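Its first residue numbered 37, the sequence shown is counted upward by one per residue in this note's numbering. Working notes, beginning with the structure itself.
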Amino acid sequence: MCREVDPEKPQCILELGAGTGPVTEVIRSRMHPDSHIIAVEIDPELHAIVSRRCPDVDVVLGSAGDIDDILDERDIEAADCIVSCLPVPSLPKEVNRSIFDAWSRRCRSEVFTQITQIPWYFMPMYQRLFHDVEFQLITMNLPPAGVYHCSNLRSDYDAPERLAGK
Ligand SMILES: C[S@@+](CC[C@H](N)C(=O)[O-])C[C@H]1O[C@@H](n2cnc3c(N)ncnc32)[C@H](O)[C@@H]1O
């Protein structure tokens, strides 16, 4: 999940769907000391937990569908990388459209990093959205999980049939 997090370079790292903060904590331990994490979580209880767990992180209570507003409010032109723990297949199409649109305009990394707890299952969905999708199985996770490293967003990614779940 932290492949795009560069310990050698200050970055703005945007984490979507921080939950209770396990990935946030790993990003924080790996990143350059001058890097800045913005962790977005929609659930107020989980937002409170991750805020307590990572008090030095900028934790936003809000939706990943509002990336433009979140960056604008902080006068940040673009994030260096976006790490997503979102349940992308079950999010409303408009939210996914907004996330991928903002990612394509306001993320410097060419890779969209997405966690999954069901290895390979959603590969066709990510391949409908991106030309290039690499799947990395993480056997050390119990049960084994994985990461999609997606690049080259398709020009028609926002067509309803491409945004449909699974
Ligand atoms: C699968 S959990 C991952 C939590 C944590 N990152 C982890 O790895 O354990 C997905 C998280 O995304 C959050 N979420 C769902 N929709 C969201 C949205 N539109 N914007 C921000 N967070 C959202 C959920 O509340 C949940 O905490």
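Backbone N, C-alpha and C fix where the C-beta goes; we use that ideal spot for every residue, glycine too. Being a predicted model, the structure only gives us computed values, none of them experimental.
Rounded to the nearest angstrom, the gap between the Cα atoms of Arg88 and Asp102 is 23 Å.
The residues Arg198, in chain order, have a CB closer than 8 Å to that of Asp192 in the same chain once the five nearest residues on each side in sequence are set aside. Taking the Cβ of Gly182 as the reference point, every heavy atom of ligand 1 lies at 7 Å or farther away. By the Cβ-count criterion, His167 is exposed, with fewer than 16 other Cβ atoms from all chains shown falling within 10 Å of its own Cβ.
The beta carbon of Glu170 sits closer than 6 Å to the beta carbons of His185 from its chain, once the five residues preceding and following it are set aside; these are given in chain order. DSSP places Gln47 in no alpha helix (DSSP H); its state is neither H nor E. About 17 Å separates the Cβ atoms of Leu52 and Pro80, ruling out a contact at the 8 Å cut-off. For Val124, the CB contacts under 7 Å within the same chain, skipping 5 residues up- and downstream, are Asn132 and Gln150 in chain order.
Of all C-beta pairs linking the region 67-82 to the region 152-165, fewer than three are shorter than 8 Å, placing the two stretches out of contact. Cβ-Cβ separation between Ile49 and Ile73: approximately 5 Å, consistent with a contact (criterion under 8 Å). Under the three-state reduction of DSSP, Ser126 is assigned to helix. Secondary structure note for His83: its alpha helix (DSSP H) is the uninterrupted segment Pro80 to Arg89. Between Cys90 and Val62 a beta carbon distance of about 11 Å is seen, past the 8 Å cut, so the two are scored as non-contacting. The beta carbon of Val147 lies closer than 8 Å to those of Arg39, Glu40, Cys117, His185, Cys186 and Ser187 in the same chain, with the five residues before and after it left out. In the structure shown, Val147 adopts coil according to DSSP, grouped into three states. Here Val169 carries a strand assignment [DSSP, helix/strand/coil]. Taking 8 Å as the upper bound for CB-CB distance, Val59 and Cys121 are in contact here, some 6 Å apart.
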